[in-house]
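Peer 1: Chains as they are written, first to last, in our numbering: chain A, 1 to 314; chain X, 315 to 649.
Each residue gets a CB set at the ideal place from its N, CA and C atoms; glycine is no exception.
Can you keep this structure in mind? I'll have questions shortly.
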Amino acid sequence: MMLEFFFTRGLRALATLLLIVTITFVVLRLSGDPAINILGLDASDEAIREFRRSWGLDQSIWVQYVRYLQAVIEGNLGRSMLDGRSAVDAVIERLPATLSIMVPGFVLQLVVGIPAGILSALRRNTWLDRLVMTSSVVCFTMPGFVFALLLVMVFAVTLHWLPSGGAGTLAHLVLPVLTMGFFGAATLARFTRSAVVDVLGQPHIRAATLRGIPRRRIVLLHVVPNAALPVVTIIGLMLGGLVAGAVITESVFSWPGIGRLLVTSVASRDLAVVQTILLMVGTAMVLANFCVDLAYGFLDPRLRHGQGNSANKG
Amino acid sequence: MPSFLEVQGLTKHFSVRSGAGLFSPRIPLKAVDDVSFSLKKGETLGVVGESGCGKSTTGRLVLGMMAPTHGSILLDGTAVHTRHDAVWRAQRQRMQMVYQDPVSFLDRRLPVGRQVMEPLTVHSIGSSVAERREKAEALFSVVGLRPDQFASYPHELSGGQRQRVILARALVLDPELLVCDEPVSALDVSVGAQVVNLLKDVQLSRGLTYLFISHDLKIVRQVADRVIVMYLGRIVEEAATQELFQQPVHPYTRALMSAVPSLKPHPQRRLSIQGSPPNPMQVPNGCVFHPRCPRASKLCQTERPELRNIAANRSVACHHPEDTTVSSPRKLETI
Numbered sequence: 001m002m003l004e005f006f007f008t009r010g011l012r013a014l015a016t017l018l019l020i021v022t023i024t025f026v027v028l029r030l031s032g033d034p035a036i037n038i039l040g041l042d043a044s045d046e047a048i049r050e051f052r053r054s055w056g057l058d059q060s061i062w063v064q065y066v067r068y069l070q071a072v073i074e075g076n077l078g079r080s081m082l083d084g085r086s087a088v089d090a091v092i093e094r095l096p097a098t099l100s101i102m103v104p105g106f107v108l109q110l111v112v113g114i115p116a117g118i119l120s121a122l123r124r125n126t127w128l129d130r131l132v133m134t135s136s137v138v139c140f141t142m143p144g145f146v147f148a149l150l151l152v153m154v155f156a157v158t159l160h161w162l163p164s165g166g167a168g169t170l171a172h173l174v175l176p177v178l179t180m181g182f183f184g185a186a187t188l189a190r191f192t193r194s195a196v197v198d199v200l201g202q203p204h205i206r207a208a209t210l211r212g213i214p215r216r217r218i219v220l221l222h223v224v225p226n227a228a229l230p231v232v233t234i235i236g237l238m239l240g241g242l243v244a245g246a247v248i249t250e251s252v253f254s255w256p257g258i259g260r261l262l263v264t265s266v267a268s269r270d271l272a273v274v275q276t277i278l279l280m281v282g283t284a285m286v287l288a289n290f291c292v293d294l295a296y297g298f299l300d301p302r303l304r305h306g307q308g309n310s311a312n313k314g
Numbered sequence: 315m316p317s318f319l320e321v322q323g324l325t326k327h328f329s330v331r332s333g334a335g336l337f338s339p340r341i342p343l344k345a346v347d348d349v350s351f352s353l354k355k356g357e358t359l360g361v362v363g364e365s366g367c368g369k370s371t372t373g374r375l376v377l378g379m380m381a382p383t384h385g386s387i388l389l390d391g392t393a394v395h396t397r398h399d400a401v402w403r404a405q406r407q408r409m410q411m412v413y414q415d416p417v418s419f420l421d422r423r424l425p426v427g428r429q430v431m432e433p434l435t436v437h438s439i440g441s442s443v444a445e446r447r448e449k450a451e452a453l454f455s456v457v458g459l460r461p462d463q464f465a466s467y468p469h470e471l472s473g474g475q476r477q478r479v480i481l482a483r484a485l486v487l488d489p490e491l492l493v494c495d496e497p498v499s500a501l502d503v504s505v506g507a508q509v510v511n512l513l514k515d516v517q518l519s520r521g522l523t524y525l526f527i528s529h530d531l532k533i534v535r536q537v538a539d540r541v542i543v544m545y546l547g548r549i550v551e552e553a554a555t556q557e558l559f560q561q562p563v564h565p566y567t568r569a570l571m572s573a574v575p576s577l578k579p580h581p582q583r584r585l586s587i588q589g590s591p592p593n594p595m596q597v598p599n600g601c602v603f604h605p606r607c608p609r610a611s612k613l614c615q616t617e618r619p620e621l622r623n624i625a626a627n628r629s630v631a632c633h634h635p636e637d638t639t640v641s642s643p644r645k646l647e648t649i
């Protein structure tokens with residue numbers, strides 16, 4: 001049973017990654033010419049022809065695609081057209097910088113969003129609930145870059161407390177991490193609230209109250225575990241948003257991470273680098289969703305043996 | 315013998331919008347209106363009526379799940395608290411509830427055995443986990459569940475087994491009063507009958523007092539010692555089960571009875587209720603039942619009949635009840 005599960009999930013993951021590679025390849029190849037993007041508009045015809053020949057860009061798009069796919073399967077993700085370095089090296093070099101804002105940002109989302117949502121649900125229709133929900137609406141309707149610029153204006157330009165961009169010290173981390181965290185925290189707070197409100201209204205919670213079980217115990221043992229399922233689903237989906245958040249955050253704060261590398265590589269149609277980044281993100285997403293599925297089994301006993309809802313009536 | 319549960323003038327109004335509009339005025343909905351009854355220890359009182367007649371609300375009020383608008387509920391001489399204080403929690407140990415829909419009243423994430431044990435932990439009964447587990451397992455055998463089902467999840471059990479878990483969970487605190495709100499209406503007839511028998515066995519062996527709410531007259535007839543019939547939040551008739559089923563005096567009760575299919579070769583002439591089911595938001599003047607009553611007179615439209623005694627332990631709220639003196643007691647026994 002378990003083996004079959006891993007096998008089908010593995011196949012589906014491979015299909016997803018193949019789709020990512022293909023779509024990126026087609027879009028990047030059809031939307032611009034790396035030779036002109038990298039060498040410049042005033043490069044000589046000869047240089048451009050030479051560039052195309054050496055990178056195999058003079059072949060038909062099918063030949064290029066098949067060649068690229070072959071190389072990827074052999075484990076060779078190619079070299080950057082900009083400086084000829086290995087694409088994997090170029091990406092890995094930037095990885096720590098991105099993780100250093102992504103991981104704290106994600107943790108911030110969880111530790112702010114989930115408790116805020118639970119609190120809001122437990123104090124439903126009080127000033128606290130309205131405060132949390134209003135700020136959550138403000139936070140998640142505001143585009144990330146607006147929020148980032150707002151933070152810069154307040155904390156860097158007006159108060160001079162924190163640097164407005166760049167990297168190096170811990171102080172440089174604060175604003176990017178806040179930017180990464182707040183959007184997700186706001187989303188999570190809203191979803192957690194509605195999940196908890198939903199569980200609070202369920203009959204078995206009323207029954208638990210009627211058995212004289214204290215409220216704190218009901219919340220911790222009966223409400224939170226039951227509300228976890230939809231929240232975990234949202235967390236899985238939010239991981240994708242994290243990458244988008246990194247692109248925006250790193251651009252605004254000139255953070256030397258993968259997000260900014262992605263932006264510059266796309267601009268110069270540096271296929272190998274873009275592909276490497278997207279493959280990495282794709283793998284991370286596939287793994288994250290796999291973890292979410294495993295968490296489902298833990299959270300809902302009905303899904304545990306892959307038998308679905310097999311309640312026998314009678 | 316003093317009564318164990320004493321309910322006096324119980325009234326519950328809900329405030330609801332009179333229409334679908336945003337600005338339609340709020341009007342009070344009388345879910346339960348001046349209901350009084352009492353229960354002796356070890357007795358079963360059946361509460362019957364159509365859906366929406368306020369029988370479930372009565373059950374929830376008795377358990378102190380919400381505050382009544384008027385009226386008092388005394389459990390063994392002490393008022394039932396509605397605020398969740400220490401007294402309220404202590405009273406949880408004396409009265410519990412059995413629910414209509416067992417699946418939604420169980421936490422699907424916890425093994426059923428742990429759900430049965432939980433009240434013991436919370437009320438600090440039993441000195442160790444092992445002792446609590448032993449007590450819970452003993453209850454499993456009382457309600458007819460296998461010991462190996464202790465670790466099952468609700469979805470792994472059948473409907474009847476879930477209802478047994480609910481019963482075990484209610485009994486684990488050794489309550490004295492059990493409010494059963496349609497305990498078998500979600501089950502198949504045969505499974506329901508088993509659960510009804512189980513409820514009766516448990517009552518005998520533990521001396522429980524039941525408030526048994528149901529729309530199913532056949533089941534009420536099986537389990538109840540006395541029955542109250544409710545219509546639009548009010549008691550219209552109260553009698554011992556035997557008398558009520560042999561000779562209903564309120565026209566509504568008569569109509570309810572004749573709606574039950576019978577195997578008798580010569581069934582009584584069926585008395586069907588006219589008109590549509592009542593709307594609790596538009597309670598008629600006078601007798602609440604008069605728009606649908608075949609015996610309604612001018613008086614019924616203007617004056618509300620009070621619940622009055624017509625015989626020992628027998629009351630009815632009707633201006634024109636069926637005459638109890640017409641048919642002789644001997645004739646009754648043959649029915």
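(1) At a Cβ threshold of 8 angstroms, is residue 395 of chain X touching chain D?
(2) Which class does residue 645 of chain X belong to by DSSP, given the choice of helix, strand or coil?
(3) Do three or more CB pairs link the region 444–459 of chain X to the region 401–411 of chain X at distances below 8 angstroms?
(4) Given a threshold of 16 other Cβ atoms within 10 Å of its Cβ, counted over all protein chains shown, does residue 629 of chain X qualify as buried or as exposed?
(5) Run through chain A and tell me which residues come within less than 7 angstroms of residue 419 of chain X, C-beta to C-beta.
(6) Can you give me the Cβ contacts of residue 550 of chain X inside the same chain, cut-off strictly under 6 angstroms, excluding the 5 residues immediately before and after it?
(7) Reducing DSSP to helix, strand and coil, say where residue 596 of chain X ends up.
(8) How is residue 326 of chain X classed by DSSP in three states: helix, strand or coil?
(9) Mind listing the chain A neighbours of residue 436 of chain X? Cutoff is C-beta to C-beta under 8 angstroms, in chain order.
(10) At the level of alpha carbons, what is the spacing between residue 602 of chain X and residue 568 of chain X?
(11) Should residue 321 of chain X be listed as close to the ligand FMN, given that the test is whether its C-beta is under 7 angstroms from any heavy atom?
(12) Give me the chain X residues within the contact set of residue 172 of chain A, using Cβ-Cβ distance strictly less than 7 angstroms, ordered along the chain.
(13) Going by alpha carbons, who is nearest to residue 93 of chain A out of A/298, A/288, A/276 and A/286?
(14) With 16 other CB atoms within 10 Å as the buried threshold, where does residue 599 of chain X fall?
(15) Consider the Cβ of residue 377 of chain X: report whether some Cβ of chain A lies at a distance smaller than 8 angstroms.
(16) Please classify residue 596 of chain X as buried or exposed, where buried requires at least 16 neighbouring CB atoms within 10 angstroms.
(17) Output yes or no for whether 8 angstroms exceeds the beta carbon distance between residue 24 of chain A and residue 257 of chain A.
(18) Please go through the region 350–386 of chain X and give each complete beta strand (DSSP E) segment of 3 or more residues, from N-terminal end onward.
(19) What's the C-alpha gap between residue 149 of chain A and residue 252 of chain A?
(20) If residue 361 of chain X and residue 372 of chain X are in contact, beta carbons under 8 angstroms, what's the gap, nearest whole angstrom?
(21) Would residue 496 of chain X count as contacting chain A if we go by Cβ distances under 8 angstroms?
(22) With 8 angstroms as the threshold, decide whether the Cβ of residue 411 of chain X is near any Cβ in chain A.
(23) If we cut at 8 angstroms on Cβ distances, does residue 4 of chain A have a partner in chain X?
(24) Checking the sheet assignment: what are the DSSP bridge partners for residue 549 of chain X?
(25) Straight-line CA distance for residue 615 of chain X to residue 604 of chain X?
(26) Mind checking the region 225–258 of chain A against chain X and listing, in chain order, the residues whose C-beta falls within less than 8 angstroms of any C-beta there?
(27) Helix or strand or just coil, what does DSSP make of residue 470 of chain X?
(28) What are the boundary residues of the alpha helix (DSSP H) that residue 293 of chain A is part of?
(29) Whole-angstrom Cβ separation of residue 260 of chain X and residue 378 of chain X, contact assumed at under 8 angstroms?
(30) With DSSP as the reference, identify every bridge partner of residue 531 of chain X, one or two as the case may be.
(31) Along the chain, where does the alpha helix (DSSP H) that runs through residue 102 of chain A open and close?
(32) Counting Cβ pairs, one atom from each stretch, are 3 or more of them under 8 angstroms apart for the region 201–208 of chain A and the region 418–431 of chain X?
(33) Anything in chain A within Cβ reach of residue 524 of chain X, meaning under 7 angstroms, just list it in chain order.
(34) Against residue 451 of chain X, what residues of chain A qualify as contacts under a CB-to-CB distance less than 7 angstroms, listed in chain order?
(35) Helix, strand or coil, according to DSSP, for residue 5 of chain A in the structure here?
(36) Could you pull out every unbroken alpha helix (DSSP H) segment of at least 4 residues lying fully inside the region 374–461 of chain X, listed in chain order?
Peer 2: This is what the structure gives:
(1) Although the question refers to chain D, the structure presented lacks it and instead comprises the protein chains A and X.
(2) Taking the second sequence and counting its residues from 1, the one referred to as residue 645 of chain X is at position 331. Only weak support exists for where residue 645 of chain X lies, its pLDDT of 40 falling under 50; the value from the coordinates is given anyway. Note: residue 645 of chain X maps to helix in three-state DSSP.
(3) no
(4) As a working note, residue 629 of chain X is residue 315 in the second sequence. With 16 or more other Cβ atoms within 10 Å, it is buried.
(5) What you label residue 419 of chain X is simply residue 105 of the second sequence in a count that begins at 1. Residues of chain A passing the Cβ test: 203, 204 and 207.
(6) Taking the first residue of the second sequence as position 1, residue 550 of chain X is located at position 236. Cβ within range, chain order: 543, 564, 566 and 631.
(7) By 1-based counting over the second sequence, the position of residue 596 of chain X is 282. Three-state DSSP puts residue 596 of chain X in coil, outside helix and strand.
(8) Along the second sequence, one-based indexing puts residue 326 of chain X at 12. Three-state DSSP puts residue 326 of chain X in a strand.
(9) The residue given as residue 436 of chain X occupies position 122 in the second sequence. Correct list: 211, 212, 213, 214 and 217.
(10) Mapped onto the second sequence, residue 602 of chain X falls at position 288. Mapped onto the second sequence, residue 568 of chain X falls at position 254. Distance between the alpha carbons of residue 602 of chain X and residue 568 of chain X: 16 angstroms.
(11) As far as ligands go, the structure on display features none, and thus does not contain the ligand FMN.
(12) Mapped onto the first sequence, residue 172 of chain A falls at position 172. What residue 172 of chain A touches in chain X, judged by beta-carbon distance under 7 angstroms, is nothing: the nearest beta carbon there is about 43 angstroms away.
(13) To locate residue 93 of chain A, count along the first sequence from 1; it is residue 93. The candidate whose alpha carbon is nearest that of residue 93 of chain A is A/276.
(14) Stepping through the second sequence from its first residue, residue 599 of chain X is reached at position 285. Under this definition residue 599 of chain X is an exposed residue.
(15) Counting from one through the second sequence, the residue named residue 377 of chain X turns up at place 63. With a threshold of 8 angstroms between beta carbons, residue 377 of chain X makes contact with chain A.
(16) Working through the second sequence from its first residue, we reach residue 596 of chain X at position 282. Residue 596 of chain X should be labelled exposed.
(17) Start at 1 with the first residue of the first sequence, and residue 24 of chain A comes out as number 24. Start at 1 with the first residue of the first sequence, and residue 257 of chain A comes out as number 257. Contact: no.
(18) With a minimum length of 3 residues, the continuous beta strand (DSSP E) runs that stay inside the region 350–386 of chain X are 358–362.
(19) As a first step, residue 149 of chain A must be located in the first sequence, where it is residue number 149. As a first step, residue 252 of chain A must be located in the first sequence, where it is residue number 252. Near 8 angstroms, if we compare the C-alpha coordinates of residue 252 of chain A and residue 149 of chain A.
(20) Residue numbering aside, residue 361 of chain X sits at position 47 when the second sequence is read from its first letter. Residue numbering aside, residue 372 of chain X sits at position 58 when the second sequence is read from its first letter. With a Cβ gap of about 6 angstroms, residue 361 of chain X and residue 372 of chain X count as contacting.
(21) Within the second sequence, numbered from 1, the residue matching residue 496 of chain X stands at position 182. Not an interface residue.
(22) Counting from one through the second sequence, the residue named residue 411 of chain X turns up at place 97. Yes, contact with chain A.
(23) As a working mapping, residue 4 of chain A is identified with position 4 in the first sequence. So, not an interface residue.
(24) Reading the second sequence from its first residue, position 235 is the one you call residue 549 of chain X. Paired residues: X/544.
(25) Taking the second sequence and counting its residues from 1, one reaches residue 615 of chain X at position 301. Taking the second sequence and counting its residues from 1, one reaches residue 604 of chain X at position 290. Roughly 6 angstroms between the two C-alpha positions.
(26) 225 and 226
(27) Position 156 of the second sequence holds residue 470 of chain X. Three-state result, residue 470 of chain X: helix.
(28) Along the first sequence, read from residue 1 onward, the residue named residue 293 of chain A stands at position 293. Run containing residue 293 of chain A: 271–299, per the alpha helix (DSSP H) assignment.
(29) Shown here, chain X extends from 315 to 649; a query on residue 260 of chain X therefore has no answer.
(30) Translated into the one-based positions of the second sequence, residue 531 of chain X becomes position 217. Its beta-bridge partners do not exist; DSSP assigns none.
(31) What you label residue 102 of chain A is simply residue 102 of the first sequence in a count that begins at 1. From DSSP, the alpha helix (DSSP H) with residue 102 of chain A extends over 87–122.
(32) They touch, by the three-pair rule.
(33) In the second sequence, counting from the first residue as 1, residue 524 of chain X sits at position 210. Per Cβ cutoff of 7 angstroms: no residues; residue 524 of chain X is ~16 angstroms from chain A at best.
(34) The sequence position of residue 451 of chain X within the second sequence is 137, counting from 1. Here the premise fails: no neighbours, minimum Cβ distance about 18 angstroms.
(35) One-based indexing of the first sequence puts residue 5 of chain A at position 5. Residue state, collapsed to three classes: helix.
(36) Scanning the region 374–461 of chain X for uninterrupted alpha helix (DSSP H) segments of 4 residues or longer gives 400–406, 426–436 and 443–456, listed from N- to C-terminal end.
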